[in-house]
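Encoded as structure tokens, the structure appears first; notes follow it.
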Amino acid sequence: MGGRDSTMVLLDENGIRCDGRKIDEPRKIMIKAGGLKNADGSAYIEFGDNKILVGVYGPRDVHPKHMSNTDTGILRVRYHMEPFSVSERKNPAPSRREIEISKVIKEALLPAVILDKFPRTAVDVFIEILQADGGTRCAALAAASVALADAGIPMRDMVASCAAGKVADTIILDVNNEEDQAGQADMPIGYMPNLDKITLLQLDGVLNPEEFKKCVETGIAGCKIVYELQKKALQEKYFQNGGDQ
Amino acid sequence: MAQRSVIDDLKKSQILELLAQGKRIDGRALDEPRKLSIEVNAIPKANGSARVRLGDTETICGVKIQPDRPFPDMGDKGIFICTAELLPLSHPSVETGPPNPDVIELARVVDRGVRESHMVDVSELVIQKNKSVVGVFADIVVVDYDGNLFDACSYAATAALLTSKMPKWEMKDDLPTLVEGAESDLPTSTIPVSVTMAKIGDYIVVDPDGDEWASMDCRVTITTDSDGNIVAMQKGGHDGFTLDEIIKCGELSIKTGAQIRETLKQAAKGS
């Protein structure tokens with residue numbers, strides 16, 4: 030977001046992007062379920078150069094108490110960037126951007142989790158961005174879904190996530206940092222493939238109605254790729270060694 | 007508003023019953039926004055202003071234009087910042103103190119809609135490159151709450167910007183100095199219009215009022231520009247949309263946005 034210039038070649042004449050990918054190719058993604066000893070559930074994701082760690086606690090007692098709900102458990106999400114995660118040191122205090130992203134990720138996860146069996150409790154999702162390179166909210170959401178599943182929280186589906194966007198008048202999958210800075214549009218999407226539900230959707234940039242439709246469809250296609258990797262991560266932990274760390 | 011009450015639950019069942027018959031609680035059609043009234047230049051001491059009522063939601067935007075230092079990496083661009091605040095007099099549940107996540111989201115979504123449409127051409131707001139630029143600050147306050155603050159704030163900001171007058175500054179002795187009597191219109195291009203739609207049960211309604219807002223499962227705010235492009239979007243709430251629903255919302259936002267854009271133009275013309 031912010032300054033956009035067109036000096037960089039974002040898409041060459043062969044349809045290859047600035048980091049060597051094709052237009053419909055996501056970055057290299059590695060997801061690992063588990064990894065943290067104390068957390069009830071955890072996940073680690075490398076999404077291109079993004080490195081993100083997610084820990085889940087709960088259902089557990091709510092502090093402060095007035096936040097608790099007698100009808101259902103509540104979900105709390107904190108998205109936090111380490112000061113060393115970006116090129117110029119980031120002030121460690123939560124920024125307005127981080128507060129907003131925490132909120133949209135929470136609302137993207139809420140349709141998936143089933144918390145009415147745990148009234149008066151909280152499930153806390155802590156997302157730590159160790160290294161950021163564009164598309165952190167999508168990578169974080171995908172990892173958070175795996176961490177929630179790893180914590181044994183009942184879920185209707187996992188939320189997969191990927192961004193689509195527009196560079197050089199072309200709709201592309203999985204916008205990286207350069208493409209976000211210099212491109213024409215960025216549309217992060219969170220999607221539950223089994224339920225066909227979009228649970229996170231944002232956009233900045235200009236799209237005409239046809240591009241808009243294509244962009245949503247491209248993003249959903251990306252989500253389906255991520256979804257397979259999320260399932261694989263859980264299978265690797267729970268089917269190969271019976272879930273023991 | 008933050009907390010759901012028992013009344014909200016009762017209202018939701020009534021709202022759903024009515025929706026099943028194609029009706030809304032206040033008698034509107036599903037794709038019909040509330041009455042929008044705009045009073046421009048409501049705050050003469052500001053460089054531009056608007057007082058907007060969308061149904062019973064009321065917002066005021068004042069635009070202040072003043073010299074500022076450019077951001078370090080953007081010396082050839084002026085500054086445009088849009089903020090939004092929920093005043094304690096707007097609703098009994100609003101408390102003083104630092105803004106909560108709802109309000110931060112509101113301010114950021116409204117800012118993004120106007121910014122991403124490139125309504126304000128920041129490259130024309132330079133007094134001296136890398137040294138001094140013009141800052142345009144659109145500050146919005148909510149004075150009365152009845153749902154859908156996103157659109158009410160966005161219309162206030164847009165109307166205020168459309169009618170803003172920009173003073174002129176020149177560099178003298180290395181300082182930006184006001185040139186008397188050289189005011190001009192703020193350079194604006196397209197007119198962004200945000201349209202918020204709520205999903206309640208299986209129904210999608212445009213411009214949810216306070217009762218609908220408290221009952222909705224999820225919402226999406228889509229901003230379109232004068233050319234009918236979609237320039238910004240934000241989904242919220244505890245449920246999700248299907249692809250078909252999102253495409254439909256995109257179409258609704260273009261259609262409804264076009265009507266509202268005319269209202270904004272008329273209001274700006276009357277200034």
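Heads up: the sequence lines are chains A and B, in that order. Read in order, the letters of the first sequence are residues 30 to 274 in the numbering used here. Read in order, the letters of the second sequence are residues 7 to 277 in the numbering used here. We treat Cβ as the ideally placed atom computed from N, Cα and C, and that holds for glycine.
Inter-residue Cα distance where the pair is residue i and residue j
i	j	result
A262 of chain A	P140 of chain A	22 Å
Q27 of chain B	S43 of chain B	29 Å
E111 of chain A	R166 of chain A	14 Å
K260 of chain A	A180 of chain A	14 Å
P214 of chain B	E23 of chain B	16 Å
D217 of chain B	R30 of chain B	11 Å
S35 of chain A	K83 of chain B	Its pLDDT being 47, under 50, S35 of chain A is placed unreliably in this model, and the coordinates cannot settle the point.
D223 of chain B	G243 of chain B	6 Å
D152 of chain B	L167 of chain B	24 Å
T269 of chain B	I110 of chain B	28 Å
A163 of chain B	D90 of chain A	42 Å
K243 of chain A	R46 of chain A	18 Å
K6 of chain B	L192 of chain B	What is shown of chain B runs 7 to 277, which leaves residue 6 of chain B out entirely.
M30 of chain A	Q210 of chain A	Note that M30 of chain A scores a pLDDT of 39, beneath 50, so its modelled location is shaky; the value from the coordinates is reported in the next line. Straight-line Cα distance between these residues: approximately 6 Å.
K331 of chain A	L224 of chain A	This structure cannot speak to residue 331 of chain A, because chain A is shown only from 30 to 274.
V211 of chain B	L155 of chain B	15 Å
G272 of chain A	R114 of chain B	Reliability fails at G272 of chain A, whose pLDDT of 49 lies under 50, so the model's placement of it is uncertain and the value that follows must be treated cautiously. Distance between the alpha carbons of G272 of chain A and R114 of chain B is about 42 Å.
V255 of chain A	Q264 of chain A	14 Å
K18 of chain B	W219 of chain B	10 Å
A8 of chain B	D14 of chain B	Since pLDDT at A8 of chain B reaches only 48, below the 50 mark, its modelled position is unreliable, and the value read off the structure follows with that caveat. Answer to the nearest angstrom: the Cα atoms are 12 Å apart.
Short CB-CB distance (under 7 Å) between residue i and chain A
i	result
V148 of chain B	no
D180 of chain B	no
M239 of chain B	yes
I253 of chain B	yes
E111 of chain B	yes
D74 of chain B	no
D15 of chain B	no
I236 of chain B	yes
F40 of chain B	The sequence given here has Arg at residue 40 of chain B, not Phe. For R40 of chain B, the answer is no, since every Cβ of chain A falls outside 7 Å of its Cβ.
Check whether residue i and residue j have beta carbons under 7 Å apart
i	j	result
A192 of chain A	V204 of chain A	yes
F86 of chain B	V128 of chain B	yes
V100 of chain B	L92 of chain B	yes
E176 of chain B	T183 of chain B	yes
M239 of chain B	I253 of chain B	no
G68 of chain B	D157 of chain B	no
F143 of chain B	I227 of chain A	no
L170 of chain A	A214 of chain A	no
C88 of chain B	V120 of chain B	yes
E64 of chain B	D179 of chain B	no
N206 of chain A	G163 of chain A	yes
S131 of chain A	V152 of chain A	no
S232 of chain B	I266 of chain B	no
L25 of chain B	Y161 of chain B	no
A273 of chain B	A165 of chain B	yes
G81 of chain B	N47 of chain B	no
I52 of chain A	G44 of chain A	yes
Below-7 Å beta-carbon distance, residue i vs any chain B residue
i	result
R125 of chain A	yes
F241 of chain A	yes
V175 of chain A	no
Q276 of chain A	Nothing can be reported for residue 276 of chain A, as the shown portion of chain A is limited to 30 through 274.
L139 of chain A	yes
K132 of chain A	yes
K226 of chain A	yes
N79 of chain A	no
N237 of chain A	yes
V245 of chain A	yes
E207 of chain A	no
I182 of chain A	no
Q259 of chain A	no
I52 of chain A	no
E129 of chain A	yes
E136 of chain A	yes
Identified DSSP bridge partners for residue i
i	result
S138 of chain B	B:Q134
K174 of chain B	B:V185
V106 of chain A	A:V154
G84 of chain A	A:S71, A:F155
P183 of chain A	Per DSSP, none; premise fails for P183 of chain A.
S190 of chain B	B:M172
N79 of chain A	A:F76
Residue i CB to nearest heavy atom of the ligand HEM below 6 Å
i	result
E186 of chain B	Among the components modelled here there is no ligand, and therefore nothing to report on the ligand HEM.
Taking 8 Å as the threshold, find out whether the stretch 176-183 of chain A comes into contact with the stretch 65-75 of chain A through three or more Cβ pairs.
-> yes
Evaluate contact between the stretch 229-243 of chain A and the stretch 78-91 of chain A, counting only Cβ atoms and requiring at least three cross-stretch pairs below 8 Å.
-> no
Segment contact, 8 Å Cβ cut-off, at least three pairs: the stretch 75-86 of chain B with the stretch 49-62 of chain B = no
Decide yes or no for the touch test of the stretch 98-118 of chain A against the stretch 157-164 of chain A: beta carbon pairs closer than 8 Å, at least 3 of them.
-> yes
Below 8 Å, can you find three or more Cβ-Cβ pairs linking the stretch 250-265 of chain B to the stretch 193-210 of chain B?
-> At 8 Å Cβ cutoff, the stretches touch.
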